[in-house]
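Residues in the sequence shown are numbered consecutively from -5, following the numbering used here. In this text, a Cβ means the ideal position worked out from N, Cα and C, and glycines have one as well. Comments concern the structure below.
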Amino acid sequence: MSILVEDTSRNNLASWVSTAVTNGLVDGAVLSPFATPAESTNFKSSGGTTAASLAADGGSVWFDAATHALAMPSVGDFRYYDGWNLWGGARGDLLGGGQQRDHVLRVLSQQDSIGAVPLGPTTLLTSASGAEPALAYSLAELTLEARDDAWITVAGTATFWTSGHDLDAYVGALAQTGAEGYVLVVARPTADMPVSASQDEVFGVCRTTRSLSEHGAVHVSHGDFAGLPAVAAGADSLGTGWDLRQRVCSFTSYEARDPSATFGSWFQRPTYGGLLACITRAAAERLENQDRPLSERLHSGPLHPDGPKEAFTHHVEVLSNLVAQMASLAYADRFRFLDQVYGNAAAEWPNAVAAGNVETTETRWIGRLHAGLTAYGESEGWI
């Protein structure tokens, strides 16, 4: 694996992902009951139809039940969700073992019906100790009892990923379950880029990834640029897309929608791999006009035409290249590679700001991520 495209409420998932699969940029897509209907509508194809189209073009198919989203504040976008029949009783009822088992089996059944990889549901964790992780662990056990080749999900807010020794203990228990792989989710209050990740959060995700990667494959859901430290720590793939809700797992992505509202604007800011950032089109054009050689070095070529597909294609090229370069390296070498990439980007930022008046500083895009990666490298004795 390298890159998986997360689901979107727009109707272009299968076509754009299939093109990217054909071009060797992504491996497949992750469908969600919040974004894709179980039965086709006038606007969107059904999950089964979308999955079949992806598989026909060589893409891997995933279905994340996103049960953890039900615990997010203000969750309410159920226009497609309830059509998937994921609950025998009340939506979100996991109070008893019978309800937990029923939900797990329904999720696995829906995944099997569309040819998706078996992936267990989980709950949203705000702490690594107490009732929440006990419930999540129970769901993982029930998933693996039903399918010993299943992946399991670990979803948490910043307070979970910064839980220190409690996090290590919980992850250690998950590592012994024998899961085929693990999907890690960092849930954030808002869908902003760059994300507001703290050093401690990045460190926790890296430590978790390192531990789990020794037992199975690891995918960083909605990881995008913020997930690169986890790749350096052993993750195999990142989730991304052409909308902010595909690049960041946020509470706001699951809020109830006004039925009369139109889609928001595309996230089509150009990606500058040399800065590890996405900057505004206006800033990119200023940079290109003021210092074309610098712009082309940081962008890996001339600035692409303005458009959502063009922006996505270039963005995923950058991500795929970075992941591919780390994929074959040993743990220590992965760390050293990304540490150098961050160092190079930090050195380029003053040049970009001076030439193009780029308004976003490197601290927001790479500072905290690099600090978290550095803390991870220190804990491993590589610094």
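- Between the alpha carbons of S322 and E311 lies a distance of about 18 Å.
- Judged by DSSP in its simplified three-state form, T151 adopts coil rather than helix or strand.
- Scanning its chain for C-beta atoms nearer than 7 Å, with the 5 sequence neighbours on each side dropped, one finds around G86 the residues L64, in chain order.
- Per DSSP, the continuous beta strand (DSSP E) segment holding Y176 begins and ends at 175 to 182.
- Under DSSP, G22 forms a beta bridge with L(-2), S54.
- Relative to the Cα of S132, the nearest Cα in the group D143, S121, P115, D142 belongs to P115.
- The C-alpha of H298 lies about 14 Å from the C-alpha of A277.
- Judged by pairs of C-beta atoms under 8 Å, the region 12 to 28 does not touch the region 338 to 354, as fewer than three such pairs exist.
- Within the same chain, Cβ atoms closer than 6 Å to the Cβ of G82 are found at D96, the five residues on either side in sequence being excluded.
- Here the alpha carbon of L129 sits roughly 7 Å from the alpha carbon of T117.
- Closest by C-alpha distance to N283, out of A348, A8, Y164, Q94, is A348.
- Of all alpha-carbon atoms in A167, G150, G175, L168, the one lying nearest the alpha-carbon of P112 is that of G175.
- From the listed residues T151, H159, H309, the smallest Cα separation to E195 is found for T151.
- If you look at V335, you'll find it in the alpha helix (DSSP H) that goes 325 to 350.
- For S103, the enclosing alpha helix (DSSP H) covers residues 91 to 107.
- As the crow flies, the alpha-carbon of S121 is around 46 Å from that of P296.
- One alpha carbon belongs to G166, the other to S205, and they sit about 7 Å apart.
- Y248 sits in a helix when the DSSP states are folded into three classes.
- Apart from sequence neighbours up to five positions away, the residues of its chain that approach A229 with a beta-carbon distance below 8 Å are L178, T203, S207, V212, H213, V214, G217, G221, ordered along the chain.
- With a cut-off of 8 Å on Cβ pairs, the region 157 to 166 is not in contact with the region 39 to 59, counting fewer than three such pairs.
- Between F57 and Q94, the CB-CB gap reaches or exceeds 8 Å.
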